[in-house]
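Numbering (the numbering used here), first residue to last: 3 to 146.
Written out as structure tokens, the structure is:
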């Protein structure tokens with residue numbers, strides 16, 4: 003594995019964690035949204051990350067050319083299938099005949115825990131990037 007491979011892997015992780023953070027913040031922002039463009043209340047979204055793997059032919063080609071390998075990418079964003087939360091509010095414009103409003107299935111405590119985990123993962127990757135950068139600077143100083 004070359005030096006630039008580590009930068010590419012770290013860069014892909016930074017991009018993925020930033021996207022995950024954006025989705026978590028979107029969930030928090032929409033935790034009281036009862037009407038969306040698709041109809042119905044907002045549903046919590048979750049990010050599915052996947053290891054960057056290629057098929058055998060692509061992997062063989064990369065191994066032959068010593069091209070970069072590894073990393074992570076966002077495979078998809080899925081909606082949570084947890085049930086919506088009924089809240090009794092007969093004065094709400096989206097209330098049903100019984101006076102219940104279906105609220106989003108977003109739990110702010112769960113989102114905050116996920117946000118902290120994404121932030122810590124992002125920080126760990128920034129640390130790895132800084133270490134790789136300092137190693138490159140030390141390697142350049144050897145030539146002096």
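Backbone N, C-alpha and C define an ideal beta-carbon position, used for all residues, glycine too.
- In this structure, DSSP gives residue 86 a state outside helix and strand, which the three-state scheme calls coil.
- Residue pairing from DSSP leaves residue 114 without any beta-bridge partner.
- Residue 140 is not bridged by DSSP to any residue.
- When rounded, the separation of the alpha-carbon atoms in residue 49 and residue 86 is 19 Å.
- Shown here for residue 90: same chain residues with a beta carbon closer than 7 Å to its own, the five before and five after excluded, namely 101, 102 in chain order.
- Residues 120, 123, 124 of the same chain have their beta carbon placed closer than 6 Å to that of residue 19, with the five preceding and five following residues left out of the count.
- About 13 Å separates the Cβ atoms of residue 43 and residue 95, ruling out a contact at the 8 Å cut-off.
- Here residue 47 really is in contact with residue 81; their C-beta atoms are around 6 Å apart, less than 8 Å.
- Assigned with DSSP and collapsed to three states, residue 128 falls in helix.
- A straight line joining the alpha-carbon of residue 84 with that of residue 129 spans about 35 Å.
- Contact annotation: residue 23 and residue 117 have beta-carbon atoms nearer than 8 Å.
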